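Student: Residue numbers (the working numbering), protein chains in the order written: chain Y, 1 to 119; chain B, 120 to 238.
My questions will all concern the structure given below.
Protein chains: 2
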Amino acid sequence: MTETNFQCGLEAVLAILGGKWKPLVVYHLASGPKRTGQLRRLVTNVSEKMLIQHLKELTDDGVIRRIDFQTVPPHVEYELTDFGQSLAGVLAPLCEWGTHHTSEVALIVQNRSRPSAGA
Amino acid sequence: MTETNFQCGLEAVLAILGGKWKPLVVYHLASGPKRTGQLRRLVTNVSEKMLIQHLKELTDDGVIRRIDFQTVPPHVEYELTDFGQSLAGVLAPLCEWGTHHTSEVALIVQNRSRPSAGA
DNA sequence: ACCAGTACCGACTATTTGGTAAGTGCCAAA
DNA sequence: TTTGGCACTTACCAAATAGTCGGTACTGGT
Chain Y
1 MTETNFQCGL EAVLAILGGK WKPLVVYHLA SGPKRTGQLR RLVTNVSEKM
51 LIQHLKELTD DGVIRRIDFQ TVPPHVEYEL TDFGQSLAGV LAPLCEWGTH
101 HTSEVALIVQ NRSRPSAGA
Chain B
120 MTETNFQCGL EAVLAILGGK WKPLVVYHLA SGPKRTGQLR RLVTNVSEKM
170 LIQHLKELTD DGVIRRIDFQ TVPPHVEYEL TDFGQSLAGV LAPLCEWGTH
220 HTSEVALIVQ NRSRPSAGA
């Protein structure tokens with residue numbers, strides 16, 4: 001049945017950006033096309049495998065576009081599609097909120113005992 | 120080292136809402152306090168364990184507040200804190216985007232071969 | 001010739017996350 | 001008295017997610 005019933009738009013967004021680094025990739029691509037190596041350096045801590053995997057998924061999902069320059073030492077760039085750009089636009093408020101509350105969130109994360117992403 | 124260095128606000132948001140059902144919980148709580156059982160019915164498909172676990176984490180993180188009525192058949196409600204409300208407010212645009220692009224996203228998700236959340 | 005860099009693949013492993021199923025203590029309705 | 005609901009816990013298990021390491025095919029610098 002491939003249950004594609006989103007209760008609230010949120011789920012649709014998560015269906016697309018549900019990957020540890022995907023929002024970051026979209027964010028960095030919002031400022032223009034980048035090549036793979038550039039993204040790898042921009043999105044710190046991402047492993048090459050995950051970057052490429054997410055890049056492929058985002059490409060499949062029509063969020064970004066892969067541009068292969070067909071040169072012999074490979075040169076590939078990624079850029080947002082229109083769809084991706086609309087998504088990036090909506091991501092901006094989130095980003096702002098995060099920026100405004102960075103220290104608050106940092107404190108929260110530091111003070112938790114849960115063995116989550118703050119390891 | 121507890122690396123709490125967010126490159127972009129996005130990461131801060133994800134640090135708080137990084138759980139399969141957390142955005143949904145915040146979303147549902149945006150329309151007023153709810154009791155546990157209510158949330159369980161509202162957030163369809165969530166298991167009791169995950170709901171309560173997320174509820175606890177969100178409480179720890181100061182996003183929601185737990186109100187225990189101290190009655191004998193337990194009665195507990197959850198409501199957003201101010202912090203949680205500001206977060207919910209920023210979630211709204213995301214939600215809207217998702218709503219506007221629901222069918223588009225549904226198509227995308229259905230057409231992918233990846234063994235992700237669309238199972 | 002040798003090493004580094006480009007973009008990417010694939011096997012293997014580890015960690016995180018989510019889910020099932022059972023149980024607790026107490027009360028109310030059947 | 002049995003059943004069911006409330007909020008919640010625990011133990012165990014499965015799946016998704018992420019990470020490491022090594023390899024490809026080719027070029028450019030030294």
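All residues carry an ideal CB built from backbone N, CA and C; glycine is no exception.
Since the model is a prediction, treat every value here as computed from it, not as a measurement.
So if I threshold CB-CB distances at 9 Å, which residues from the stretch 72-98 of chain Y count as touching chain B?
Tutor: Under the 9 Å Cβ criterion, the stretch 72-98 of chain Y contributes F83, S86, L87, G89, V90, L91, A92, P93, L94, C95, E96, W97 and G98.
Student: Based on Cα-Cα distance, which residue from Y/E57, Y/S47, Y/W21 and Y/R35 lies nearest to B/S232?
Tutor: Position 113 of the second sequence, counted from the start, is the residue given in the question as residue 232 of chain B. It is Y/E57 whose Cα lies nearest to the Cα of B/S232.
Student: Does DSSP put B/D179 in a helix, in a strand, or in coil?
Tutor: Here residue 179 of chain B corresponds to residue number 60 of the second sequence, with the count starting at 1. B/D179 falls in the helix class under three-state DSSP.
Student: Output yes or no for whether 8 Å exceeds the beta carbon distance between B/V182 and B/F188.
Tutor: Within the second sequence, numbered from 1, the residue matching residue 182 of chain B stands at position 63. Within the second sequence, numbered from 1, the residue matching residue 188 of chain B stands at position 69. Not a contact, by the Cβ cut-off of 8 Å.
Student: Is it the case that the Cβ atoms of B/P212 and Y/P93 are separated by a distance below 8 Å?
Tutor: In the second sequence, the residue the question calls residue 212 of chain B occupies position 93. In the first sequence, the residue the question calls residue 93 of chain Y occupies position 93. Yes, the Cβ-Cβ distance between B/P212 and Y/P93 is below 8 Å.
Student: Mind checking which residues open and close the beta strand (DSSP E) that includes Y/V76?
Tutor: Along the first sequence, read from residue 1 onward, the residue named residue 76 of chain Y stands at position 76. Residues V76 to L80.
Student: Can Y/L80 and B/Q126 be called in contact, C-beta distance under 8 Å?
Tutor: Walking along the first sequence from the start, residue 80 of chain Y turns up at place 80. Walking along the second sequence from the start, residue 126 of chain B turns up at place 7. Against a cut-off of 8 Å, the Cβ pair of B/Q126 and Y/L80 comes out as no contact.
Student: Can you give me the C-alpha to C-alpha distance between B/K168 and Y/D60, rounded to a whole angstrom?
Tutor: Looking up residue 168 of chain B in the second sequence gives position 49. Looking up residue 60 of chain Y in the first sequence gives position 60. If you take the alpha carbons of B/K168 and Y/D60, they lie about 34 Å apart.
Student: Assuming B/V145 and B/G208 are in contact, meaning their beta carbons sit under 8 Å apart, how far apart are those beta carbons, in whole angstroms?
Tutor: For the purposes of this step, residue 145 of chain B is taken as residue 26 along the second sequence, with counting starting at 1. For the purposes of this step, residue 208 of chain B is taken as residue 89 along the second sequence, with counting starting at 1. So it is not a contact: roughly 10 Å between Cβ atoms.
Student: What residues in the stretch 24-39 of chain Y have a beta carbon less than 7 Å from any beta carbon of chain B?
Tutor: So the close ones are L24 and Y27.
Student: Does any heavy atom of the ligand NAD sit closer than 7 Å to the C-beta of Y/V76?
Tutor: Absence of the ligand NAD is noted for the structure shown, with no ligands found whatsoever.
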